[in-house]
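When we follow numbering that gives the first Met the number 0, the leftmost residue of the sequence shown carries the number 0, and every step to the right adds one. Reading through the structure tokens given below for one structure.
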Amino acid sequence: MDCYFRQYWRDKRLSFHGPIKSLSLSIKMLERIWRPDTYFYNGKHSHVHTITVPNKLLRLSQDGEILYSMRLTIKAGCLMQLQSFPMDRQSCPLVLGSYAYSRQQLIYQWQTDD
């Protein structure tokens with residue numbers, strides 16, 4: 000599956016004041032800030048696209064909200080339901096979470112359009 004995987008979080012230590020509402024940051028800044036260690040539990044293989052440059056975006060808002068976006072190709076392992084083959088339909092949800100943090104330490108929420 001090809002997707003744009005976007006994560007948002009807030010780090011108040013990075014908040015700033017001034018006329019600029021948000022800053023686009025170099026992806027090299029990822030090495031210097033905290034970020035979620037999101038992991039696809041049923042992922043078998045994935046890669047970030049790098050043609051012609053790494054397909055990543057890092058943006059910081061005044062309130063310390065960070066947007067980290069990347070274009071991924073993910074191969075996931077799923078159980079196939081073949082009882083109706085060849086007229087079957089498959090569903091393969093991606094299961095994600097933190098690699099090292101517990102559910103109490105790092106809470107994931109889907110962003111809605113509301």
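The C-beta atom is built at its ideal place from N, Cα and C for all residues, glycine as well. Model, not experiment: these values are computed from the prediction.
Item: Status (buried if at least 16 other CB within 10 Å, exposed otherwise) for F39; Value: buried
Item: Collapsed DSSP secondary structure at R31 in the structure displayed; Value: coil
Item: Under the three-state DSSP convention, the category L81 falls into; Value: coil
Item: Residue burial classification, S106 (beta-carbon count within 10 angstroms, cutoff 16); Value: The sequence as given places Ile at residue 106; Ser does not occur at that position. That one is exposed.
Item: Terminal residues of the beta strand (DSSP E) in which I73 lies; Value: 64–75
Item: Reference Y3, options M69, P92, R31, D112, closest by Cα; Value: M69
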